[in-house]
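If you read the protein sequences in the order shown, they are chains A and B.
All letters in the first sequence, in the order written, are residues 1 to 629 by our numbering.
All letters in the second sequence, in the order written, are residues 630 to 701 by our numbering.
Right, one structure below, let's go through it.
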Amino acid sequence: MNKKQKNVLARILISGALLVLLHFLPLDGVLGGWLKPLCYLVPYLIIGHDILRKAWKGIKNRQPFDECFLMAVATIGAFALAAMKTGDYVEAVAVMLFYQVGELFQSVAVGKSRRSISALMDIRPDSATLLKEDGSEERVDPDEVEIGSLLVVRPGEKIPIDGVVVEGESALNTAALTGESVPRTVRPGDAALSGCVNLSGVLQVRTTQEFGESTASKILDLVENASSLKSRSEAFITRFARVYTPAVCYAALALAILGPLVSLLFGDDPRWLEWLMRALTFLVISCPCALVISIPLTFFAGIGGASRAGVLVKGSTYLEALADASTVVFDKTGTMTEGVFEVAGVHHADRPEEELLELAALAESHSTHPISQSLRRAWGKPLDLSRVTDEEEIGGEGVMALVDGLQVAVGNEKLMRRLGLEPVPCRAVGTVAHLAVDGRYAGHILIADQVKPNAAVAVEQLHRAGVKKTVMLTGDRANVAQQVAERLGIDEVRAELLPAEKVAEVERLLAEKTGRQTLCFVGDGINDAPVLTRADVGIAMGALGSDAAVEAADIVLMDDDPLKIATAIRIARKCLRIVRQNIVFALGVKAVCLLLGAMGIAGMWLAIFADVGVMVIAVLNAIRALKVK
Amino acid sequence: MKKTYKIEVDCANCAAKMEEAARKTEGVASAVVNFMALKMIVEFQEGADPKKVMPLVLANCKKVEDDCEIMF
Numbered sequence: 001m002n003k004k005q006k007n008v009l010a011r012i013l014i015s016g017a018l019l020v021l022l023h024f025l026p027l028d029g030v031l032g033g034w035l036k037p038l039c040y041l042v043p044y045l046i047i048g049h050d051i052l053r054k055a056w057k058g059i060k061n062r063q064p065f066d067e068c069f070l071m072a073v074a075t076i077g078a079f080a081l082a083a084m085k086t087g088d089y090v091e092a093v094a095v096m097l098f099y100q101v102g103e104l105f106q107s108v109a110v111g112k113s114r115r116s117i118s119a120l121m122d123i124r125p126d127s128a129t130l131l132k133e134d135g136s137e138e139r140v141d142p143d144e145v146e147i148g149s150l151l152v153v154r155p156g157e158k159i160p161i162d163g164v165v166v167e168g169e170s171a172l173n174t175a176a177l178t179g180e181s182v183p184r185t186v187r188p189g190d191a192a193l194s195g196c197v198n199l200s201g202v203l204q205v206r207t208t209q210e211f212g213e214s215t216a217s218k219i220l221d222l223v224e225n226a227s228s229l230k231s232r233s234e235a236f237i238t239r240f241a242r243v244y245t246p247a248v249c250y251a252a253l254a255l256a257i258l259g260p261l262v263s264l265l266f267g268d269d270p271r272w273l274e275w276l277m278r279a280l281t282f283l284v285i286s287c288p289c290a291l292v293i294s295i296p297l298t299f300f301a302g303i304g305g306a307s308r309a310g311v312l313v314k315g316s317t318y319l320e321a322l323a324d325a326s327t328v329v330f331d332k333t334g335t336m337t338e339g340v341f342e343v344a345g346v347h348h349a350d351r352p353e354e355e356l357l358e359l360a361a362l363a364e365s366h367s368t369h370p371i372s373q374s375l376r377r378a379w380g381k382p383l384d385l386s387r388v389t390d391e392e393e394i395g396g397e398g399v400m401a402l403v404d405g406l407q408v409a410v411g412n413e414k415l416m417r418r419l420g421l422e423p424v425p426c427r428a429v430g431t432v433a434h435l436a437v438d439g440r441y442a443g444h445i446l447i448a449d450q451v452k453p454n455a456a457v458a459v460e461q462l463h464r465a466g467v468k469k470t471v472m473l474t475g476d477r478a479n480v481a482q483q484v485a486e487r488l489g490i491d492e493v494r495a496e497l498l499p500a501e502k503v504a505e506v507e508r509l510l511a512e513k514t515g516r517q518t519l520c521f522v523g524d525g526i527n528d529a530p531v532l533t534r535a536d537v538g539i540a541m542g543a544l545g546s547d548a549a550v551e552a553a554d555i556v557l558m559d560d561d562p563l564k565i566a567t568a569i570r571i572a573r574k575c576l577r578i579v580r581q582n583i584v585f586a587l588g589v590k591a592v593c594l595l596l597g598a599m600g601i602a603g604m605w606l607a608i609f610a611d612v613g614v615m616v617i618a619v620l621n622a623i624r625a626l627k628v629k
Numbered sequence: 630m631k632k633t634y635k636i637e638v639d640c641a642n643c644a645a646k647m648e649e650a651a652r653k654t655e656g657v658a659s660a661v662v663n664f665m666a667l668k669m670i671v672e673f674q675e676g677a678d679p680k681k682v683m684p685l686v687l688a689n690c691k692k693v694e695d696d697c698e699i700m701f
């Protein structure tokens with residue numbers, strides 16, 4: 001609790017105690033009946049002086065219809081009523097007291113969730129340790145570190161600025177960025193992203209960014225500004241409060257005047273005071289704070305909970321759109337597959353597979369083609385480059401080289417035919433590298449993009465989360481795309497698309513959906529920017545360290561696990577469910593209480609429950625959105 | 630030009646009122662108040678000097694919600 005809250009708490013306790021004390025004092029009839037109201041005025045002013053002052057200022061600034069005004073009118077009215085008729089002053093003080101209890105609870109609850117969310121996002125480094133050329137170290141403000149500086153990061157410290165590890169080996173905890181609990185091992189040459197916590201060894205990092213452009217700063221900026229894009233529900237609440245409070249005030253006024261007039265018309269006793277009391281009760285019930293506080297709080301908690309799971313949401317409006325997702329469109333390479341080509345098999349080899357792989361790796365040892373890289377990775381052992389001579393790269397066909405004096409050719413069917421050999425076609429789907437050794441066909445190596453381990457489960461979870469249709473778009477060949485889609489259980493697939501055709505395809509799918517349903521596009525964010533922007537919700541994955549993705553997408557998945565898509569949709573659905581519960585609950589209880597109050601069944605005690613009680617329950621419900629399964 | 634300011638305000642409704650008041654201030658193109666993060670993001674009109682506009686924003690906010698503060 002801060003100073004202001006402690007102050008309010010003290011006032012609540014003092015006036016509460018005074019109220020109990022006064023209840024037991026024989027004040028009735030003393031000093032011609034004037035002592036009692038004066039005594040009750042003391043706790044009333046202790047607890048309510050700021051409300052009265054605010055209400056007065058509101059009137060002075062021509063902004064009269066706020067909560068303070070409602071409370072001031074209601075309690076002053078109750079006081080006047082007690083003085084004139086009932087002699088029950090407790091009610092006026094108690095109403096003010098409970099109102100303050102409610103306000104205190106609300107401000108403590110909001111402060112607490114505010115703190116717990118900022119604790120989640122506690123990735124801002126306080127300082128950086130600069131390693132100078134003379135070997136001495138200096139602690140500096142991360143803002144002052146220039147690109148290319150050498151930093152020392154000790155175990156337990158956060159990496160302050162993005163960079164590359166120059167010396168040392170260590171495990172990094174990336175949980176704050178990705179929600180992933182398994183530490184990531186880094187060695188010299190690996191990227192070290194700011195916001196990760198160094199766990200085991202001392203690292204020297206050469207910075208590649210300025211602090212303001214580093215991952216940690218960007219993510220913080222994104223999350224802190226997230227709730228500025230307001231959702232429909234939030235905008236509704238703001239508009240609602242603007243109309244609602246004046247409407248209720250006029251309704252109360254009508255109740256106080258028309259009620260007795262109608263009674264008079266029927267020849268009854270007008271009972272002015274009773275109708276006035278009902279009008280005041282009406283005012284107390286009507287405070288809109290439960291709604292006004294709980295809806296933004298729910299979204300805030302939802303966004304906070306999501307960032308803990310490694311899902312960054314750029315605004316509550318996207319959370320809302322995501323909850324209505326009916327179609328999810330995926331990019332293939334890099335999203336559902338690893339985007340890295342790996343050797344899937346060696347077929348029709350005329351010698352041991354290992355030997356064939358070694359020959360291929362050696363022949364391709366100088367090529368930078370992705371296929372060559374995957375061949376070298378598959379061989380996995382150091383290559384003796386002195387065994388390779390006379391390399392020749394034939395663009396679009398392959399490579400020829402002399403390995404140990406033997407003529408080795410690695411490439412596609414065209415290359416084989418150029419050598420006058422008939423390649424054996426491969427039945428499996430993927431890229432095929434044929435080999436010829438010493439003028440004879442020696443078999444082929446199948447290289448395929450690997451489907452991500454969680455991809456199939458992710459698609460299944462999406463369907464279970466209520467997504468009606470899953471579509472995969474890819475620039476890859478149709479048979480490859482078809483096979484991947486079948487393995488993953490994706491409903492529709494469009495292959496051999498150019499980037500512009502992907503946009504057209506998304507447009508077509510957008511036109512197909514009805515009503516409030518939304519379309520999400522999931523891509524790796526690097527070449528999908530136009531589609532990410534066009535879709536209702538653009539989700540970029542594996543965004544850690546990729547600025548383009550963070551810019552273009554509405555929702556950013558920090559690591560590249562497709563399971564997070566379903567997680568994000570579940571979080572959004574839960575958040576929106578809580579929002580709806582709170583709207584229905586708060587408005588429902590209020591409506592019933594207003595009706596009871598107008599009919600004179602509910603007194604001011606029930607009124608204050610309707611106000612404070614509903615607010616407390618709605619706030620507690622809202623905080624549930626912070627918890628993510 | 631867009632700038633972010635830290636604010637102090639007690640209730641969400643009051644924050645909405647501040648947003649409204651800030652938007653109506655001369656020199657302000659748009660304003661968003663984020664109650665949960667206690668921040669006000671003000672986009673100034675072309676050529677407007679934030680140093681001159683912000684006192685007006687605060688004065689307008691004080692009119693609708695006495696108990697508020699903007700750090701600028």
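Even for Gly, the Cβ is constructed at its ideal location relative to N, Cα and C.
| Query | Result |
| --- | --- |
| Are the CB atoms of alanine 78 of chain A and leucine 280 of chain A within a distance shorter than 7 Å? | yes |
| Taking its Cβ as the centre, do 16 or more other Cβ atoms sit within 10 Å of aspartate 560 of chain A, making it buried, or is it exposed? | buried |
| With DSSP as the reference, label glutamine 482 of chain A as helix, strand or coil. | helix |
| Measure the C-alpha to C-alpha separation of aspartate 449 of chain A and alanine 540 of chain A and round it to an integer number of angstroms. | 20 Å |
| If the cut is a Cβ gap below 7 Å, which residues of chain A does valine 641 of chain B touch? | Correcting the residue type first, residue 641 of chain B is alanine in the shown sequence and not valine. Near alanine 641 of chain B (Cβ distances below 7 Å), the residues of chain A are Val292, Ile293, Pro296. |
| What is the DSSP secondary structure of alanine 448 of chain A, counted as helix, strand or coil? | strand |
| To the nearest angstrom, how far is it from the Cα of alanine 175 of chain A to the Cα of valine 182 of chain A? | 8 Å |
| Report the residue from A:Lys513, A:Glu551, A:Ala360 whose alpha carbon sits nearest the alpha carbon of valine 388 of chain A. | A:Ala360 |
| According to DSSP, valine 663 of chain B sits in a beta bridge with which residue or residues? | For the record, residue 663 of chain B in the displayed sequence is asparagine; it is not valine. B:Lys668, per the DSSP bridge assignment. |
| Do leucine 626 of chain A and glycine 305 of chain A have their CB atoms nearer than 7 Å? | yes |
| Mapping DSSP to helix, strand and coil, what is tyrosine 89 of chain A? | coil |
| Using a Cβ cut-off of 8 Å, pull out every chain B residue sitting near alanine 241 of chain A, in sequence order please. | Asn642, Ala645 |
| Nearest chain B C-beta to asparagine 2 of chain A closer than 7 Å, yes or no? | no |
| Could you spell out where the beta strand (DSSP E) holding glutamine 204 of chain A opens and where it closes? | 203 to 207 |
| Looking at the C-beta of lysine 627 of chain A, does it have a partner C-beta in chain B at a distance below 7 Å? | no |
| Compute the Euclidean distance between the alpha carbons of alanine 323 of chain A and glycine 156 of chain A, then round it to the nearest angstrom. | 38 Å |
| Candidates A:Ala241, A:Asp536, A:Leu532: which alpha carbon is nearest threonine 514 of chain A's? | A:Asp536 |
| Enumerate, from N- to C-terminal direction, the unbroken beta strand (DSSP E) stretches of 3 or more residues contained entirely within the stretch 283 to 344 of chain A. | 311 to 313, 325 to 331 |
| Rounded to whole angstroms, what is the Cα-Cα separation between tyrosine 99 of chain A and leucine 19 of chain A? | 15 Å |
| In chain B, which residues lie less than 7 Å from phenylalanine 300 of chain A when you measure between Cβ atoms? | Met665 |
| Say whether the stretch 576 to 593 of chain A touches the stretch 243 to 253 of chain A, bearing in mind that this needs 3 or more beta-carbon pairs closer than 8 Å, one atom from each stretch. | no |
| Thinking just about the alpha-carbon of each residue, which of A:Ala83, A:Gly87, A:Gly259, A:Asp50 is nearest to the one in phenylalanine 69 of chain A? | A:Asp50 |
| Could you tell me if arginine 351 of chain A is buried or exposed, where buried requires 16 or more neighbouring beta carbons within 10 angstroms of its beta carbon? | exposed |
| May I ask you to report which of helix, strand or coil DSSP gives asparagine 621 of chain A? | helix |
| Taking only the alpha-carbon atoms, compute the straight-line gap between valine 140 of chain A and leucine 151 of chain A and give it to the nearest angstrom. | 10 Å |
| Closer than 7 Å by beta-carbon distance: list the chain B residues that pair up with serine 107 of chain A, in chain order. | Asp639 |
| Between which residues of its own chain and alanine 456 of chain A is the CB-CB distance below 7 Å, once the five residues before and five after are set aside? | Arg487, Leu488, Gly489 |
| Going by other Cβ atoms of all chains shown within 10 Å of its Cβ, with 16 needed for buried, is leucine 265 of chain A buried or exposed? | exposed |
| Under three-state DSSP, which class holds arginine 377 of chain A? | helix |
| Quick one: Cα of glycine 538 of chain A to Cα of serine 170 of chain A, how far? | 35 Å |
| Relative to chain A, which residues along the stretch 651 to 678 of chain B have a C-beta separation below 9 Å, given in chain order? | Val661, Val662, Asn663, Phe664, Met665, Ala666, Leu667, Lys668, Ile670 |
| List the residues of chain B whose Cβ lies closer than 7 Å to the Cβ of threonine 238 of chain A, in chain order. | Ala645 |
| What is the DSSP secondary structure of phenylalanine 521 of chain A, reduced to helix, strand or coil? | strand |
| Is the Cβ of lysine 314 of chain A closer than 7 Å to any Cβ of chain B? | no |
| So what does DSSP say about methionine 257 of chain A, is it helix, strand or coil? | Residue identity differs from the one stated: residue 257 of chain A is isoleucine in this sequence, not methionine. Helix at isoleucine 257 of chain A. |
| In the structure shown, what three-state DSSP assignment does lysine 635 of chain B receive? | strand |
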